[in-house]
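Quick notes on the structure that follows.
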Amino acid sequence: MNKIERINDFVIRFCNVNGSGSASANNLFAKAVFRLGVPVSPKNIFPSNIQGLPTWYEVRVNEEGFLGRRGGIDITVAVNRQTLFGDYQDVLPGGYFIYDSTKPLPENFRRDDISEIGIPLTTLCNEAFSNPKLRQLLKNIIYVGVLSFLLDIDLSILTGSIQKQFKKKPKLAEPNIKALEIGFSYTRDHYPDTCKISVRKSDKLTNEIMMDGNSAFALGAVYAGATVTGWYPITPSTSIIEAFEKYTNTYRIEEDTGKKKVAIIQAEDELAAIGIVIGGSWNGARAFTATSGPGISLMSELLGLAYFAEIPAVLVDVQRTGPSTGMPTRTQQSDLLACAYASHGDTKNILLFPCDPRECFELGADAFDLAERLQTPVIVMSDLDLGMNDHVSAPMQWESGRKYDRGKVLSADDLENLKEKWGRYLDVDGDGICYRTVPGSHPTKGAYFTRGTSHNQYAAYTEESSEYEANMKRLLVKWQTARTLMPSPRIKIRDPEYTIGLIFYGTSTHAAYESISRFSRDGLEINSLRVRAFPFQDEVIEFINQHKILFVIEQNRDGQLRTLLINECEIDPARLQSILNIDGLPIAASFITDAIHGSNLTTIPESLQKQNKTGGKQ
Amino acid sequence: MSHAHPNFRHPKQPENDAGYTRRDYEGAISTLCAGCGHDSTTNAIIQACFELNVEPHRVVKISGIGCSSKTPAYFLSRSHGFNSVHGRMPSIATGANMANRDLLYIGISGDGDTASIGMGQFAHALRRNLNLNYICMNNGCYGLTKGQDSATADRGSASKKGIPNPYESIDLCELAIELGASYVARGFSGDKKQLVPLLKGAMAHNGLAFIDVISPCVTFNNTASSTKSYHYVREHIETTNTFDFVPLQQEILTHYDEGTSQEVTMHDGSIIHLHKVDSSKDLTSRQKAVNNLEKEKEKGRFLTGLLYVNPQIEETHDLINSTLYPLNTLTEEDLCPGSEILDRINSALR
Ligand SMILES: Cc1ncc(C[n+]2csc(CCOP(=O)(O)OP(=O)(O)O)c2C)c(N)n1
Ligand code: SF4
Ligand SMILES: [Mg+2]
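Going line by line, the protein sequences match chains G and C. Here the working numbering is used: position 602 in the first sequence is 602, and no number is missing along the way. Here the working numbering is used: position 35 in the second sequence is 35, and no number is missing along the way.
Here it is as structure tokens:
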């Protein structure tokens, strides 16, 4: 048998039962690799269920820093009897299958192209620990000890992590460390020189952090000064509010009174959640909500109100697999059209596309500035993969002394000193953005009536067609202004001939860059455009115009970004080919590479095509 | 179109203690049908604000959609107003109130807006005891969409279309008491003498005050066969009590015989005096309040007046322990942990 033999480059999959406490053990493993300076990307693949169903935790370790899903499993840790056979089959030839040998493997498990590593996890655990509740958790820790030996991870890294984790309860650290040692020594005694895959300390990661996107967004909201939140629980967005609450409990407590400088309201549904955001923003606070696809559908009417009455609102959509309830615990990028055009009538909303935790923090914070500057809803398009999985990311940054851009709000003094007649919807600056006022500011000036019905420049009800039209057209002027304020796309030109261009966004980014780098290794340079915002800037259109062959990579069925590009930039549809992943799992580089190979590349010179065909072996 | 009132001022218009005339509390001229009950309710709101010396710009008016929800344009033109979408006034009001707890919030809704499309938001604003004066202008029909029966239309009542309503009606006051509103009253737009003090009591109340105001729709539901017509309501009204509202700092001059009145001290120190109460009608008991309503209903009568009050309850801000400062006044210094702390957070994530 040809064992897989690699350093710092493999995929390991943990096969667990959900609700069995495996998450913290699996996390311990990923964190250990991270602390050794090696790029690592763990992904939870879990069911919509609380207890008893299969769940997988797939960790990719990659020295080169490719953090997308790779596909293929080199090492499996199989502790779920329900899925044992499938998990066994999934191991790549030459790979390793670690299982609980307290019960022997059934007869039909007959592969001679993988290494089976049987560890009597249950027996070892029951012999060492008596507390039945702890047993279940510690059994998971034992397999981390097993991996520590097999992959040459210094045990002290793991024990250090555990000590850190239980800093406040050192008594709990003890059995955990003991469990690690049990796994380590059993494997040392029974499986020396078995595993040819190892983790070695690297200097690849120096300054990076490891964090989930939802926590990063929540922290961004704290930094941006969000004070009002209405929300309704829905996976995968709930942990944003949980993290927000946690951070505000630390950073938003009034010293003298212990009272909170935030109002978090668990609403009765998503209509109320966005209503709370709109009411709060209208009244001069920074407000946001977090939801997923079904919530977006419910919020649509109120989003239109915010668009038309010009009220700031920040909303994060942590997308999951639709339509309807779909696969609620799987990832997708399939709410672009629903969000971009959420609500009836001519409504368009601003979208931001973060690709990692650092951007969740930064674009999350920027969303508040943009919403107030533009007086309109801003939707941050995250997804389950980004929101709920830990990602290695550049650290979050906050420029010290950064001021909030509260946009065009007239203060009491401004109102007092007004020379001209003020109109809530009067475009005095010509940028489509008008001046607003906040209730209670001035005794006699600045009061107006906000409405979702047609209004004139002075906020009075109107059914005068010309006034209605003028207002709708001014909103388009504002939309043009928005284009100039959006975070710019990330463009990388590697091929000065502009032959092939890839367009992608959000969590398709990592896999796309990996695919590009494989093509580059094989001699084919590909340019890329990472979209970070809607409306699209001129650079986006220019990039499209420059290139002969264009692919748009997305994680949805209908090519929603492609549709937006065609629709908003008047691009010839024939120019944009889609690469679409819709299996509910994060997109893999191999998927993109294969798709480019399999596509109709007739417009590329013969020589290039050949290089293509030889590229990308994964 | 809304029109401004002519801008001349009668030289001798009386001013209230805050220095405002009644005109300062008015709004644009109403575009509702002549005789619409909602307009009388609007007038009562103007009167209550005038008498209570509220500063107009410290009031926020929020509504849903309907003829009733248009009325915030017709009172307090110096206040910010927000005519939102159908049935969602409570959530907009919740957000606004969370942003600034220092203003006086008046939420206007209709029976369609509240008892059907907005039932969920109605229930939950009550449950959280939001500091809001929730006024439902109840005409038993959908005025703006031309007179369909609403969920508060009584069984057997027939509007202009002449078809008796076959369904049970929802009593919003009973629901409000059960759902946690801390001040519940029913008024009649045709009885301003009762309605104004009810509104004043509501405004002095700290928490959710729900007032169901029977406001007949003259165009679609003022028929002989309707139980929400002016005529029918006048014939069948029953009052719990007469009612004195004594604002804080005002001396109590009237003498009340023992056993004939109940005194309720409001959060701000104002006092409500109820006359002619018998002890079985203790208004601070939820159970008795609901019983009172049911008893009168059995007799085919509407019970109006103050139905229930619990002045000592905590409102939403108290329940979530939020700061006493309006959240919308906090700045970077108050809210942003700063870059040094971010460095520390980053380190902990390594
Ligand atoms: C989502 C939505 N559905 C339906 C309507 C149409 N609509 C406007 S007002 C109204 C009913 C209003 O009834 P009510 O709240 O009792 O107010 P009234 O006009 O009787 O004062 C309806 C159904 C709407 N505006 N929005
Ligand atoms: S239709 Fe009825 S509720 Fe509407 S304004 Fe006319 S009378 Fe009033
Ligand atoms: Mg009605």
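C-beta atoms are modelled at their ideal positions from N, C-alpha and C, and glycine is treated no differently.
List the residues of chain C whose Cβ lies closer than 7 Å to the Cβ of Arg320/G, in chain order.
None at all; the shortest Cβ gap to chain C is about 24 Å.
What is the rounded straight-line gap between the Cα of Ser508/G and the Cα of His597/G?
18 Å
Whole-angstrom distance between Gly423/G and Gly230/G, CA atom to CA atom:
30 Å
Of all the options Leu336/G, Ile98/G, Thr325/G, which has the alpha carbon lying nearest to the alpha carbon of Val531/G?
Leu336/G
Name all residues in chain order for which at least one heavy atom of ligand 2 lies closer than 5 Å to the residue's CB.
Leu32/C, Cys33/C, Cys36/C, Cys67/C, Gly143/C, Cys217/C, Val218/C, Thr219/C
At a threshold of 8 Å, does Cys173/C count as lining ligand 3 (C-beta to nearest heavy atom)?
no
Using the C-alpha atoms, what's the distance from Val79/G back to Ile4/G?
22 Å
Exposed or buried, Tyr425/G, counting other C-beta atoms within 10 Å across all chains shown (16 or more means buried)?
buried
Does the beta-carbon distance from Gly86/G to Gly145/G come in below 9 Å?
no
With respect to 8 Å, is the separation between the Cβ of Asn138/C and the closest non-hydrogen atom of ligand 3 below this value?
yes
Burial state of Met211/G, where buried means 16 or more other Cβ atoms lie within 10 Å:
buried
Nearest chain G C-beta to His236/C closer than 9 Å, yes or no?
no
My output table needs one value for Ile252/C: the three-state DSSP class, helix, strand or coil.
In this predicted model, Ile252/C has a pLDDT of only 47, less than 50, meaning its place in the structure is not dependable; the value taken from the coordinates is given anyway. It is coil, neither helix nor strand.
Quick check: the Cα distance between Gly280/G and Lys160/C, rounded to an integer number of angstroms?
41 Å
Start and end of the alpha helix (DSSP H) containing Val620/G?
Since the first residue of chain G shown is 1 and the last is 618, residue 620/G is not available in this structure.
Spell out the partners DSSP gives Arg436/G in its beta bridges.
Val409/G
Determine, using beta carbons only, whether Leu77/G and Phe14/G come nearer to each other than 9 Å.
The amino acid at residue 77/G is misidentified as Leu; the sequence shows Val. Yes, these two residues count as a Cβ contact at 9 Å.
If Gly401/G sits next to Val380/G, beta carbons under 8 Å apart, how far is it from one beta carbon to the other, in whole angstroms?
Not a contact, Cβ separation roughly 24 Å.
6 Å Cβ shell around Asp17/C - same chain, five flanking residues per side excluded
Asn53
Cβ of Ala32/G within 9 Å of any chain C Cβ:
no
For the candidate residues Ala158/C, Gly162/C, Asn139/C, whose alpha-carbon lies nearest to that of Thr152/C?
Asn139/C
Quick check on the DSSP output: the alpha helix (DSSP H) that includes Pro312/G runs from which residue to which?
Where Pro312/G is concerned, there is no enclosing alpha helix (DSSP H), given that its DSSP letter is neither H nor E.
Kindly indicate which residue of Ile170/C, Arg286/C, Leu303/C has the alpha-carbon position closest to the one of Thr242/C.
Leu303/C
What first and last residue would you give for the beta strand (DSSP E) that runs through Ala209/C?
209-214
Is it true that the CB of Lys403/G sits closer than 9 Å to the CB of Tyr325/C?
no
For Phe397/G, would you say it is in contact with chain C, using Cβ-to-Cβ distances shorter than 9 Å as the test?
Correcting the residue type first, residue 397/G is Gln in the shown sequence and not Phe. It does; some Cβ of chain C falls within 9 Å.
Contact under 9 Å by Cβ, Val409/G with Lys201/G:
no
If contact means a Cβ-Cβ distance below 9 Å, which residues of the segment 80-95 of chain C contact chain G?
His80, Gly81, Phe82, Asn83, Ser84, Val85, His86, Gly87, Arg88, Met89, Pro90, Ser91, Ile92, Ala93, Thr94, Gly95
I need the straight-line Cα distance from Gln194/C to Arg234/C, nearest angstrom please.
13 Å
Is the closest heavy atom of ligand 3 to the C-beta of Ser297/G under 8 Å?
no
May I ask you to report which of helix, strand or coil DSSP gives Trp479/G?
helix
Could you give the distance in angstroms between the alpha-carbon of Glu359/G and the alpha-carbon of Pro535/G?
18 Å
Under 8 Å: does the beta carbon of Ser226/C sit that close to some heavy atom of ligand 1?
no
Beta-carbon gap between Leu561/G and Tyr505/G smaller than 9 Å
yes
With burial defined as no fewer than 16 other Cβ atoms inside 10 Å of the residue's Cβ, what is the status of Gln89/G: buried or exposed?
exposed
On the criterion of 16 or more Cβ atoms from any shown chain inside 10 Å, does His236/C qualify as buried, or is it exposed?
exposed
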